[in-house]
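Engineer: Using full-length UniProt numbering, read the sequence shown as starting at 1 and increasing by one per residue.
Glycine residues also receive a C-beta, built at the ideal position from the N, C-alpha and C atoms.
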Amino acid sequence: MLAWQVHRPGPIVNGPLRQVRSALPQPSPGDLLVRVLACGVCRTDLHVAEGDLTPHRPDVVPGHEVVAEVIGMGAGLGDEFSIGDRVGIAWLRHTCGVCRYCLRGDENLCSETQFTGWDADGGYAEYATAPAAYALALPPGYSDTELAPLLCAGIIGYRALLRAQLPPGGRLGIYGFGGSAHITAQVALAQGAEVHVMTRGVGARALARELGVNSAQGPADRPPVSLDAAILFAPVGELVIPALEALDRGGTLAIAGIHLSDIPVLNYQKHLFQEKQIRSVTANTRADSRAFLDFAASHRLHLSGPRYDLCHADQALADLAAGRFSGAAVLVP
């Protein structure tokens with residue numbers, strides 16, 4: 001099968017990925033063997049490829065927004081999935097299930113978490129395996145390429161929106177407008193929020209307006225109103241300052257990314273007083289995934305972004321790094 005490996009992590013322009021031909025993986029007990037139908041291109045893949053996030057195993061296959069068809073099953077599985085089912089393989093692929101975080105419903109904080117495309121091979125390949133306990137049933141009404149970005153960009157944006165504590169009908173600011181943000185904006189609008197987007201790309205601002213946001217401006221510009229909540233999607237620590245300054249009293253800034261450049265020094269009186277908060281977002285739980293996919297089943301989301309053949313995965317990541325597209329890119333074998 002064709003697959004891409006992170007062989008020498010480093011700047012994407014130096015070619016950290018290599019294309020290989022390998023044997024089909026074999027499912028362990030409890031695993032599904034799947035044929036990849038589509039795999040989203042996430043900024044986390046870029047962080048792994050470039051070494052911002054050190055790969056947890058050599059030559060790992062990236063990709064964790066995987067839409068796939070079940071073609072084989074390991075021993076010990078029940079009847080939750082069958083051969084031919086369309087399933088989702090997302091970022092979270094293992095937790096211990098017995099620690100205090102798992103037992104209280106915060107499995108994303110488990111110290112034994114493992115992640116697709118970081119700890120184990122992911123979807124930049126024609127075939128993959130995944131634990132059935134972490135595979136996701138997918139909503140009808142979406143194509144394979146539409147579903148793929150929902151499996152991380154959508155799920156993590158949904159959790160970030162929860163972490164931002166946006167009140168009903170509140171004013172939400174979104175900083176950065178890539179794959180996750182363009183989905184999250186639609187969720188917030190469907191929930192009755194007022195949404196304001198701050199992003200550098202002219203194309204991204206145009207997409208935001210097409211999706212119905214209330215305003216779109218540059219990344220450091222003030223929104224036209226004070227915000228009840230904000231989400232920082234861009235991995236740029238400098239944007240924490242304007243985001244906090246745009247918050248109204250009691251507002252919350254959620255930082256959605258797994259990696260962020262350094263945050264400048266904050267002034268307590270200017271940036272945090274009046275009960276403003278900064279909250280990080282760490283992965284997601286399976287409950288988050290199910291809740292978001294249920295939402296997507298009942299609210300038609302519109303996915304925008306280019307499609308790439310799997311053999312051009314390196315180009316897709318290079319285009320993501322250079323900001324050459326808006327929305328969410330998807331690889332198709």
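(1) Hey, how far is the Cα of Gly39 from the Cα of Lys270?
(2) Compute the distance between the beta-carbons of residue 366 and Leu239, then report whether it is under 8 Å.
(3) Would you kindly check if the distance between the Cβ of Ala188 and the Cβ of Leu172 is under 8 Å?
(4) Checking 8 Å against the spacing of the C-beta atoms, do Val61 and Trp4 come in under that value?
(5) When you compare each of Pro306, Gly72, Leu161 to Ala190 by their alpha carbons, which one comes out closest?
(6) Is the beta carbon of Tyr142 sitting closer than 8 Å to the one on Gly63?
(7) Alpha helix (DSSP H) containing Asp294: first to last residue?
(8) Just mark Asp45 as buried or exposed, buried being the case when its beta carbon has 16 or more other beta carbons within 10 Å.
(9) Which whole-angstrom value describes the C-beta separation of Tyr134 and Arg286, a residue pair presumed to lie in contact below a C-beta threshold of 8 Å?
(10) Please look up how many angstroms separate the CB atoms of Ile155 and Asp288, rounded, as I've assumed it's under 8 Å.
(11) Going by CA-CA distance only, name the one from Arg300, Gly323, Asp314 that's closest to Ala49.
(12) Quick check: the Cα distance between Glu275 and Arg222, rounded to an integer number of angstroms?
(13) For a test of the three-state rule: what should DSSP assign to residue 353, helix, strand or coil?
(14) Which stretch, first to last residue, makes up the beta strand (DSSP E) that contains His94?
(15) Taking the beta carbon of Thr54 as the centre, do at least 16 other beta carbons fall within 10 Å, making it buried, or is it exposed?
(16) Give me the Cβ distance between Ala328 and Ala153, rounded to the nearest whole Å; I'm assuming they're in contact under 8 Å.
(17) For Ala216, which residues of its own chain have a beta-carbon under 6 Å away from its beta-carbon, when the five flanking residues on both sides are left out?
(18) Are the beta-carbon atoms belonging to Leu109 and Thr282 less than 8 Å from one another?
(19) From the DSSP secondary-structure annotation, give me the bridge partner or partners of Ala3.
(20) Ends of the alpha helix (DSSP H) at Val240?
(21) Buried or exposed for Pro235, please, with buried defined as at least 16 other CB atoms from any protein chain shown within 10 angstroms of its CB.
(22) Going along the chain, which residues of its own chain have a beta-carbon closer than 7 Å to the beta-carbon of Ser280, five neighbours each way excluded?
(23) Under a three-way DSSP split, which group does Gly51 fall into?
(24) Pull up the distance between the alpha-carbon of Asp87 and that of Leu37, whole angstroms please.
(25) Given this structure, state the Cα-to-Cα distance separating Ala296 from Phe81, to the nearest angstrom.
(26) What's the C-alpha gap between Ala291 and Thr184?
(27) For Ala181, does the three-state DSSP call read helix, strand or coil?
(28) When you compare each of Gly78, Thr129, Glu65, Arg100 to Ile71 by their alpha carbons, which one comes out closest?
(29) Residue ranges of each alpha helix (DSSP H) run of no fewer than 4 residues wholly in the region 180-266, ordered along the chain?
(30) With a threshold of 16 other CB atoms inside 10 Å of the CB of Tyr127, please say whether the residue is buried or exposed.
(31) Taking 8 Å as the limit between beta carbons, can you name the residues of its chain near Arg300, skipping five residues before and five after?
(32) When DSSP builds the beta bridges, which residues end up paired with Leu162?
(33) Between which two residues does the beta strand (DSSP E) carrying Arg307 extend?
Structural biologist: Walking through what the data contain:
(1) What you label residue 39 is simply residue 39 of the sequence shown in a count that begins at 1. What you label residue 270 is simply residue 270 of the sequence shown in a count that begins at 1. Looking at the sequence shown, residue 39 is not Gly but Cys. Between the alpha carbons of Cys39 and Lys270 lies a distance of about 43 Å.
(2) Residue 366 is absent from the model: the chain starts at 1 and stops at 333.
(3) As a first step, residue 172 must be located in the sequence shown, where it is residue number 172. As a first step, residue 188 must be located in the sequence shown, where it is residue number 188. Yes, these two residues count as a Cβ contact at 8 Å.
(4) If you number the sequence shown from 1, residue 61 lands on position 61. If you number the sequence shown from 1, residue 4 lands on position 4. In this structure, Trp4 lies closer than 8 Å to Val61 by Cβ.
(5) One-based indexing of the sequence shown puts residue 190 at position 190. Of Pro306, Gly72, Leu161, the residue nearest in Cα terms is Leu161.
(6) Locating residue 142 in the sequence shown gives position 142, counting from the first residue. Locating residue 63 in the sequence shown gives position 63, counting from the first residue. No. Outside cutoff.
(7) For the purposes of this step, residue 294 is taken as the residue at position 294 of the sequence shown. Note, Asp294: alpha helix (DSSP H), 286-298.
(8) On the sequence shown, position 45 is the one that residue 45 refers to. The residue is buried, with at least 16 neighbouring Cβ atoms inside 10 Å.
(9) Working through the sequence shown from its first residue, we reach residue 134 at position 134. Working through the sequence shown from its first residue, we reach residue 286 at position 286. The beta-carbon separation of Tyr134 and Arg286, rounded to 7 Å, stays under the 8 Å limit for a contact.
(10) For this step, residue 155 is matched to residue 155 along the sequence shown. For this step, residue 288 is matched to residue 288 along the sequence shown. About 6 Å; that satisfies the 8 Å criterion.
(11) Translated into the one-based positions of the sequence shown, residue 49 becomes position 49. Nearest of Arg300, Gly323, Asp314 to Ala49, Cα basis: Asp314.
(12) The residue given as residue 275 occupies position 275 in the sequence shown. The residue given as residue 222 occupies position 222 in the sequence shown. Going from the Cα of Glu275 to the Cα of Arg222 covers about 20 Å.
(13) Here the chain covers residues 1 to 333 and nothing more, so residue 353 does not appear.
(14) To locate residue 94, count along the sequence shown from 1; it is residue 94. Its beta strand (DSSP E) spans residues 92-94.
(15) Here residue 54 corresponds to residue number 54 of the sequence shown, with the count starting at 1. By the neighbour-count definition (other C-beta atoms within 10 Å, threshold 16), Thr54 is an exposed residue.
(16) Counted from its first residue, the sequence shown places residue 328 at position 328. Counted from its first residue, the sequence shown places residue 153 at position 153. A Cβ-Cβ distance of about 5 Å is found for the pair Ala328 and Ala153, placing them in contact under the 8 Å criterion.
(17) The residue you call residue 216 lines up with position 216 of the sequence shown. Here the set comprises Val197, Arg205, Ala208, Arg209.
(18) Taking the first residue of the sequence shown as 1, we reach residue 109 at position 109. Taking the first residue of the sequence shown as 1, we reach residue 282 at position 282. A contact, by the Cβ cut-off of 8 Å.
(19) Within the sequence shown, the letter at position 3 stands for residue 3. In DSSP, Ala3 forms a bridge with Val20, Ala125.
(20) Along the sequence shown, one-based indexing puts residue 240 at 240. Where Val240 is concerned, the enclosing alpha helix (DSSP H) stretches over 240-246.
(21) What you label residue 235 is simply residue 235 of the sequence shown in a count that begins at 1. It counts as buried.
(22) To locate residue 280, count along the sequence shown from 1; it is residue 280. Excluding residues within five positions, the ones whose Cβ falls inside 7 Å are Ile255.
(23) Working through the sequence shown from its first residue, we reach residue 51 at position 51. Gly51 falls in the coil class under three-state DSSP.
(24) The sequence position of residue 87 within the sequence shown is 87, counting from 1. The sequence position of residue 37 within the sequence shown is 37, counting from 1. Strictly speaking, residue 87 in this sequence is Val, with Asp absent from that position. So the alpha carbons of these two residues sit roughly 10 Å apart.
(25) Here residue 296 corresponds to residue number 296 of the sequence shown, with the count starting at 1. Here residue 81 corresponds to residue number 81 of the sequence shown, with the count starting at 1. In a straight line, the C-alpha of Ala296 is about 21 Å away from that of Phe81.
(26) Residue 291 sits at position 291 when you count from the first residue of the sequence shown. Residue 184 sits at position 184 when you count from the first residue of the sequence shown. If I take the Cα positions, the gap works out to 14 Å.
(27) Here the question's residue 181 lines up with position 181 in the sequence shown. Note: Ala181 maps to helix in three-state DSSP.
(28) For the purposes of this step, residue 71 is taken as the residue at position 71 of the sequence shown. Comparing Cα-Cα distances from Ile71 to each of Gly78, Thr129, Glu65, Arg100, the minimum goes to Thr129.
(29) 202-210, 240-246
(30) Working through the sequence shown from its first residue, we reach residue 127 at position 127. Label assigned to Tyr127: buried.
(31) In the sequence shown, counting from the first residue as 1, residue 300 sits at position 300. The residues are Gly141.
(32) Numbered from 1 along the sequence shown, position 162 holds the residue referred to as residue 162. DSSP output for Leu162 lists no bridge partner at all.
(33) Residue numbering aside, residue 307 sits at position 307 when the sequence shown is read from its first letter. Element bounds for Arg307: 307-309.
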